[in-house]
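Step one of this worksheet: look at the structure below.
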Amino acid sequence: MKLPDQKSFIFSVILAVVGFVVVEFALGGLALNPALLFGAGLLIGAIAIAAMSSDVTEEAEVKTKTLYVGNLPYRANEGVVRALFEEQGKVFNVRLLKDKNTGKRRGFGFVEMAQADADNAIANLNDSEFQQRTLKVREAKQKQEDDSNALRTETDQSV
């Protein structure tokens with residue numbers, strides 16, 4: 001079970017106070033315990049938060065696709081690349097690779113986008129000009145284990 005975040009908690013307390021005030025005025029003639037009214041307001045607030053949070057969890061389950069972006073200008077940073085791809089749709093992550101020794105960018109990177117927008121980005125940005133360079137945008141290949149390492153460990157075990 002997921003715990004509510006601080007914003008949800010504050011919102012439910014505000015709903016409880018508003019519920020208390022509304023019930024107090026609506027049922028002012030009845031002598032009800034204020035703690036009971038506050039509890040009823042809190043219960044109503046909790047139900048409202050649960051209904052709203054179910055919509056948020058459906059939104060959080062967006063499928064993503066990682067794109068390879070090649071031939072990037074060396075001066076391009078993550079913010080500029082993110083802005084370029086956000087024109088095509090929802091961007092979740094941008095990673096531009098750097099050389100380990102020099103710290104300079106290597107001219108390629110990866111952009112993680114919503115799957116529905118990724119194909120549109122590939123169609124619109126592949127072979128397009130960006131900062132005087134022709135971009136190469138494709139779906140990224142998944143990392144795979146090196147088959148020679150697997151073969152080597154099998155032969156090492158047989159010896």
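Following full-length UniProt numbering, the numbering of the sequence shown begins with 1 at its first residue and continues without gaps. Just so it is clear, CB atoms sit at the ideal spot from N, CA and C, and this is done for glycine as well. All values derive from a computational prediction rather than experimental measurement.
The DSSP assignment places 91–98, 105–114 and 136–139 as complete runs of the beta strand (DSSP E) inside the UniProt domain "RRM" (65–142), in order along the chain (cut-off: 3 residues).
With fewer than 16 neighbouring CB atoms inside 10 Å of its own CB, V18 falls in the exposed class.
G103 counts as exposed, since fewer than 16 other C-beta atoms from the protein chains shown sit within 10 angstroms of its C-beta. Taking C-beta atoms as the reference points, V81 and G107 fail to come closer than 8 Å. For the 8 Å CB-CB criterion, A121 and G89 form a contact. Here Y74 has K104, R105 and G107 as same chain residues with Cβ atoms under 7 Å from its own Cβ, once five neighbours each way along the sequence are excluded. Relative to E139, the option among A35, A116, E78 and E61 whose CA is nearest is A116.
Taking 8 Å as the cut-off, the beta carbon of L135 is found closer than this to the beta carbon of N71. With a cutoff of 8 Å on beta-carbon distance, E112 and F92 are scored as near each other.
In this structure, the CA atom of F9 is about 42 Å from the CA atom of K141.
The alpha-carbon separation between K63 and I47 amounts to approximately 28 Å.
Secondary structure of V62 (DSSP, three-state): coil.
The C-alpha of L97 is placed about 10 Å away from the C-alpha of N77. In terms of Cα proximity to K65, the closest of E86, K143, A114 and V22 is A114.
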